[in-house]
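These notes concern the structure reproduced below.
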Amino acid sequence: MNESELDRYSRQLLLPNFDIQGQLKLAQAKVLVIGLGGLGNIAATYLATSGVGCLTLADGDQLESSNLPRQVLYDERQIGLNKVVAAAEQLAQKNATVKIHTIAHKLSGESLSKAVEEADVVLDCTDNFTARQAINRACLVLKKPLVSAAAIRWEGQLVSFLYHQKSTPCYECLYPSLSDQQLSCNESGIVAPVVGLLGVFQGLEALKLASGCGEVQHGLLRLFDGFEGRWRDMRLTPDPECAACSL
């Protein structure tokens with residue numbers, strides 16, 4: 060690390076369970092963020108400013124004015140741009156040393172498998188069940204750690220799956236079937252700070268995984284009630300009939 064980096068990350072380096080080794084490992088890590096909406100824009104920001112080595116950002120959507128209350132990385136002049144283009148532009152101004160790769164289309168099939176295979180940690184920041192199911196299966200097959208979060212109305216949830224260490228349970232044990240309509244903020248609404256809070260926690264879990272510092276628990280579902288300001292934890296168990304992980 061050079062003098063400039065020592066100064067920039069000095070507050071993290073003061074942490075005895077992080078130190079220079081954690082920072083160096085973070086600087087070598089490749090993190091894939093799928094979805095640059097309410098969750099992904101926050102998680103990607105903290106990962107970039109914390110010094111992750113390489114961020115791959117994947118999203119096929121364009122920025123709309125209705126996104127701005129939740130997606131605070133962006134500004135009004137970027138409306139109409141693809142979200143990964145807008146995100147890369149903003150993140151480069153926050154930390155020019157981070158390598159940023161952009162995928163300006165929806166990941167699926169071989170493109171999803173390739174992106175997951177190249178990553179050390181995967182963040183599922185999408186907003187539909189079809190995408191979540193595909194991401195889960197790719198991470199499960201390729202044994203990549205997956206940090207998944209979701210938020211809708213006043214509620215949010217966070218769960219990590221350490222597929223590089225364990226194989227079950229998986230995301231489909233939790234949601235064997237769910238319609239995309241049930242997960243839509245367009246229909247159900249969302250409170251901006253709730254999705255922001257879940258994005259922060261998602262970034263924190265990813266940072267711990269990428270740096271090797273701090274404990275991340277496999278299959279611990281954390282549920283947040285923003286209206287009451289309360290968390291509730293549930294330990295997931297494998298579904299013996301799961302279509303993904305019981306095969």
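Residue numbers (this note's numbering): 60 to 306.
Quick reminder that beta carbons are idealized off the backbone N, C-alpha and C, glycines included.
Open item on the list: DSSP has THR161 in a bridge; who is on the other side?
Closed with: LEU116
- [ ] Would you mind listing the alpha helix (DSSP H) stretches within the region 178-203 that are 4+ residues and don't spill past its ends, in chain order?
- [x] 188-201
- [ ] Could you check the C-alpha separation between GLY139 and GLY112 for me, to the nearest Å?
- [x] 28 angstroms
Open item on the list: Do GLY262 and ALA103 have their beta-carbon atoms positioned less than 9 angstroms apart in this structure?
Closed with: yes
Open item on the list: Check whether the region 219-232 and the region 192-206 are in contact - that is, three or more C-beta pairs closer than 8 angstroms.
Closed with: yes
Task: Cβ separation of VAL143 and LEU116, assumed to be a contact under 8 angstroms, to the nearest whole Å - done: 4 angstroms
Open item on the list: Output needed for ALA265: all residues of its chain with C-beta closer than 7 angstroms, excluding positions within five of it in sequence on either side, in chain order.
Closed with: VAL90, ALA102, LEU106, VAL180, LEU182 and VAL206
- [ ] Take every Cβ of the region 223-238, pair it with every Cβ of the region 192-199, and state whether three or more of those distances are shorter than 8 angstroms.
- [x] yes
Task: Pair within 9 angstroms by beta-carbon distance, GLY94 and THR156 - done: no
- [ ] Evaluate GLY97 with the Cβ neighbour count: other Cβ atoms within 10 Å of its Cβ, from every protein chain shown; 16 or more gives buried, anything less gives exposed.
- [x] buried
Open item on the list: Which residue marks the beginning of the alpha helix (DSSP H) containing ILE101, and which one marks its end?
Closed with: 99-109
- [ ] With DSSP as the reference, please indicate the residues paired to SER207 in a beta bridge.
- [x] ASP183 and VAL218
Task: Span of the alpha helix (DSSP H) around LEU72 - done: 69-72
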